[in-house]
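K.L.:
Just remember that my numbering sits 104 ahead of the position in the sequence shown, which is counted from 1.
Where is the CB? At the ideal position from N, CA and C, for every residue including glycine.
Bear in mind the structure is a predicted one, so any value in this text is a computation, not a measurement.
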Amino acid sequence: MSKTKKAQLDQAAGEEKEFGFSFEALKEHSKDLFGVKPEILEGALFYIKHQPITKTEAKKHIDAFLSKEV
105 MSKTKKAQLD QAAGEEKEFG FSFEALKEHS KDLFGVKPEI LEGALFYIKH QPITKTEAKK
165 HIDAFLSKEV
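1) Output the distance between the C-alpha atoms of Y151 and F123, rounded to the nearest integer angstrom.
2) Would you call the CB atoms of K153 and F127 closer than 9 Å?
3) Tell me whether S134 is buried or exposed, calling it buried when 16 or more other Cβ atoms sit within 10 Å of its Cβ.
4) With a threshold of 8 Å on Cβ separation, who are the neighbours of F169 within its own chain once the five nearest residues in sequence on each side are excluded?
5) Look at the alpha carbon of F138 and the alpha carbon of E132, and state the distance between them as a whole number of angstroms.
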């Protein structure tokens with residue numbers, strides 16, 4: 105096997121596809137997963153409630169929401 109082919113296979117194996125969760129499932133477990141109240145999650149994901157979202161994406165939205173100035 106060529107080195108480039110092996111490198112491509114190793115890279116593909118290292119990339120795991122993350123599962124998308126419903127808003128309700130994330131909201132139910134928001135304290136355990138992200139350490140925030142469900143109300144914070146509602147505010148952070150207000151515009152994307154109706155589509156599946158990964159835990160990584162949710163965490164990014166929560167961090168951005170909490171860092172906004174009021």
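P.N.:
On the basis of the coordinates in this document:
1) The residue you call residue 151 lines up with position 47 of the sequence shown. The residue you call residue 123 lines up with position 19 of the sequence shown. Roughly 20 Å separates the two Cα atoms.
2) On the sequence shown, residue 153 is found 49 positions in, with the first residue counted as 1. On the sequence shown, residue 127 is found 23 positions in, with the first residue counted as 1. Yes, Cβ-Cβ distance for K153 and F127 is below 9 Å.
3) Sequence index remark: in the sequence shown, residue 134 carries index 30 (1-based). By the neighbour-count rule (16 or more Cβ atoms within 10 Å), S134 is buried.
4) Your numbering for residue 169 matches position 65 in the sequence shown. Answer for F169: I144, G147, A148, listed in chain order.
5) Position 34 of the sequence shown holds residue 138. Position 28 of the sequence shown holds residue 132. Going by the C-alpha atoms only, they are around 11 Å apart.
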